[in-house]
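>
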Ligand SMILES: Nc1ncnc2c1ncn2[C@@H]1O[C@H](COP(=O)(O)OP(=O)(O)O)[C@@H](O)[C@H]1O
Ligand SMILES: [Mg+2]
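Numbering (my numbering), first residue to last: 15 to 454.
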């Protein structure tokens with residue numbers, strides 16, 4: 015955890031910060047955005063304690079280490095590539111350097127012996143013996159081949175230097191990682207690698223970026239398989255959901271789609287494979303079967319308040335019920351008298367209240383009358399984040415989606431296009447035919 019407390023800084027008359035209080039929590043990835051000259055780089059330097067603010071201070075959890083992606087591409091010119099990476103962990107590097115200097119001494123005194131004993135203990139505690147191999151792995155992942163590891167930094171090209179400096183920042187798994195426009199001068203492959211790295215990174219990231227802070231990845235599904243009662247429903251299903259995707263899941267087998275949703279909603283374990291939600295994503299799930307939510311007999315306001323923050327009351331509940339067309343007297347109906355469509359509308363009110371940024375909806379249009387479908391349709395069109403859903407209502411699907419994923423027994427078809435275009439695509443039809451043949 016890293017906290018800025020009452021930070022103020024001005025350069026002459028230019029006030030950059032005043033009374034800045036902010037807490038960055040572990041496991042989160044923060045994007046710092048703002049116009050040129052707004053003070054993003056300066057703020058990062060204050061967090062890294064490279065610049066003293068005029069007032070206030072930065073507090074960091076005990077034993078937490080902050081690492082910074084350096085932007086000065088010449089600062090390490092006289093150092094070897096591998097050493098430059100290890101220098102990312104300043105303490106370890108200084109111990110390493112002192113240790114080597116001691117061992118190189120021709121006149122090794124008793125005192126030196128004691129000191130080297132101390133250093134040895136610290137060196138081991140910091141995994142010093144693995145440092146070189148860990149640095150080499152990082153470099154390799156970033157596409158810096160082994161023959162460059164022993165070269166001096168000044169011998170590298172610009173793009174290579176950026177990647178070495180990135181490896182330096184990532185070295186030794188810091189608790190807080192500060193990145194100032196890390197994608198500048200990076201090629202597409204390294205950007206993809208970095209996005210994926212930040213996506214998986216468990217600690218705090220604070221990144222200044224014009225685009226794609228914290229990676230675009232919302233959900234990553236890898237090799238999911240599931241067989242239920244002898245029927246293989248999912249076979250090695252992989253896809254990545256990106257920002258603002260609205261995906262319709264198609265396919266003849268509705269149990270396969272429901273199974274996939276249950277798995278990514280965390281309600282069922284897959285036989286094989288894995289999935290991972292982005293660290294800033296909260297998802298909510300509308301299951302096809304939801305009778306279990308209505309076992310207690312309550313009026314709709316009481317029912318909905320079960321899912322609301324404790325401080326909220328009737329007017330809060332009415333706002334969300336109103337969006338799903340329960341107004342006035344309707345909100346006092348009791349759950350035992352609800353029709354199927356009304357239950358669906360209750361469930362949708364509950365989802366909206368959760369304020370998630372990813373919605374998973376399994377056949378939400380079933381049981382709904384036209385007016386309710388329109389209300390739901392409009393709210394999904396307006397929803398600024400991610401929607402994953404299934405529906406038999408083609409008009410509904412067509413107005414919402416930008417992407418279609420079709421599940422077949424022998425693989426998926428995944429296309430970034432409207433539903434209409436998907437249905438009419440000759441290429442998709444051909445792909446489907448090939449998949450069917452594969453099954454036979
Ligand atoms: N040492 C300094 N002395 C005077 N002005 C500075 C100094 N460092 C930065 N500035 C000014 O502070 C503002 C913020 O700079 P910076 O943090 O680099 O912006 P950015 O948001 O683009 O990263 C700029 O107007 C810059 O010129
Ligand atoms: Mg800057």
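Just so you know, even glycine gets a beta-carbon here, dropped at the ideal spot from N, CA and C.
Sort 97, 134, 377, 172 by Cα distance to residue 152 and report the nearest one.
Here residue 152 refers to the residue found at position 138 when the chain shown is read from its first residue. Ranking the options by Cα distance to residue 152, first place goes to 97.
> Under 8 angstroms: do the segment 195-204 and the segment 111-120 share three or more Cβ pairs, one atom per stretch?
no
> Could you tell me which residues DSSP puts in a beta bridge with residue 239?
In the chain shown, residue 239 corresponds to position 225, counting from 1. Answer by DSSP bridge pairing, in chain order: 286.
> Measuring from the CB of residue 221, is there a heavy atom of ligand 2 at a distance below 7 angstroms?
Mapped onto the chain shown, residue 221 falls at position 207. No, since every heavy atom of ligand 2 falls outside the 7 angstroms radius drawn around the Cβ of residue 221.
> Rounded to whole angstroms, what's the CA-CA distance from residue 94 to residue 164? Just pull it up for me.
Taking the first residue of the chain shown as position 1, residue 94 is located at position 80. Taking the first residue of the chain shown as position 1, residue 164 is located at position 150. Approximately 6 angstroms, taken between the alpha carbons.
> Which ranges would you report for the alpha helix (DSSP H) in the segment 111-154 if only whole runs of at least 4 residues count?
With a minimum length of 4 residues, the unbroken runs of alpha helix (DSSP H) contained wholly in the segment 111-154 fall at 124-139.
> Are the segment 122-135 and the segment 167-177 touching by the rule of at least three beta carbon pairs closer than 8 angstroms?
no
> Select from 369, 375, 35 the residue whose C-alpha is nearest the C-alpha of residue 410.
Translated into positions along the chain shown, residue 410 becomes position 396. It is 375 whose Cα lies nearest to the Cα of residue 410.
> Give every residue of the same chain whose Cβ lies closer than 8 angstroms to the Cβ of residue 389, excluding the five residues on either side of it in the sequence, and list them in chain order.
The sequence position of residue 389 within the chain shown is 375, counting from 1. Counting only Cβ-Cβ distances below 8 angstroms, and skipping sequence neighbours, we find 337, 338, 339.
> Does the beta-carbon of residue 44, which I'm using as the reference point, lie nearer than 7 angstroms to any heavy atom of ligand 1?
In the chain shown, counting from the first residue as 1, residue 44 sits at position 30. No - ligand 1 has no heavy atom lying nearer than 7 angstroms to the Cβ of residue 44.
> Which residues, in chain order, sit with a beta-carbon under 5 angstroms away from any heavy atom of ligand 1?
25, 50, 51, 52, 53, 54, 55, 56
> Buried or exposed: which applies to residue 193, given that a residue is buried once 16 or more other Cβ atoms fall within 10 Å of its Cβ?
Here residue 193 is taken as the residue at index 179 of the chain shown, counted from 1. Buried is the call here.
> List the endpoints of the continuous alpha helix (DSSP H) containing residue 176.
On the chain shown, position 162 is the one that residue 176 refers to. Looking at the DSSP string, the run of the alpha helix (DSSP H) that includes residue 176 is 172-184.
> Nearer than 7 angstroms: is that true of the beta carbon of residue 194 relative to any heavy atom of ligand 2?
Numbered from 1 along the chain shown, position 180 holds the residue referred to as residue 194. It does: the Cβ of residue 194 is within 7 angstroms (strictly closer) of some heavy atom of ligand 2.
> Looking only at its chain, what residues have a beta carbon closer than 8 angstroms to the beta carbon of residue 166, apart from the 5 residues adjacent to it on each side?
Numbered from its first residue, the chain shown carries residue 166 at position 152. Excluding positions up to five away in sequence, the list reads 91, 92, 93, 94, 95.
> Can you tell me whether residue 182 is buried or exposed, with buried defined as 16 or more other CB within 10 angstroms of its CB?
On the chain shown, residue 182 is found 168 positions in, with the first residue counted as 1. Buried: at least 16 other Cβ atoms inside 10 Å.
> Looking at residue 294: is its Cβ nearer than 8 angstroms to the Cβ of residue 42?
Taking the chain shown and counting its residues from 1, the one referred to as residue 294 is at position 280. Taking the chain shown and counting its residues from 1, the one referred to as residue 42 is at position 28. Yes, Cβ-Cβ distance for residue 294 and residue 42 is below 8 angstroms.
> Between the C-alpha atoms of residue 22 and residue 52, what's the straight-line distance to the nearest angstrom?
The residue labelled residue 22 in the question sits at position 8 within the chain shown. The residue labelled residue 52 in the question sits at position 38 within the chain shown. The alpha-carbon atoms of residue 22 and residue 52 are separated by roughly 14 angstroms.
> Is residue 49 close to chain C? Criterion is C-beta to C-beta, closer than 8 angstroms.
Protein chains in the displayed structure number just one, and chain C is not present.
> Is residue 222 helix, strand or coil by DSSP?
Working through the chain shown from its first residue, we reach residue 222 at position 208. Three-state result, residue 222: strand.
> Suppose you measure from the CA of residue 345 to the CA of residue 79; what does that come to, to the nearest Å?
One-based indexing of the chain shown puts residue 345 at position 331. One-based indexing of the chain shown puts residue 79 at position 65. Approximately 53 angstroms between the Cα atoms of the pair.
> What residue does the alpha helix (DSSP H) around residue 315 start on, and which one ends it?
The residue labelled residue 315 in the question sits at position 301 within the chain shown. Its alpha helix (DSSP H) spans residues 314-319.
> My output table needs one value for residue 208: the three-state DSSP class, helix, strand or coil.
Residue 208 sits at position 194 when you count from the first residue of the chain shown. Three-state DSSP puts residue 208 in a helix.
> According to DSSP, is residue 353 part of a helix, a strand, or is it coil?
Position 339 of the chain shown, counted from the first residue, corresponds to residue 353. Residue 353: coil per DSSP, three-state reduction.
> Are three or more beta carbon pairs between the segment 393-409 and the segment 257-277 nearer than 8 angstroms?
yes
> Kindly indicate the opening and closing residues of the alpha helix (DSSP H) around residue 329.
By one-based count along the chain shown, residue 329 stands at place 315. First-last of the alpha helix (DSSP H) with residue 329: 328-337.
> Bridge partners of residue 199, per DSSP?
If you number the chain shown from 1, residue 199 lands on position 185. Paired residues: none, contrary to the question.
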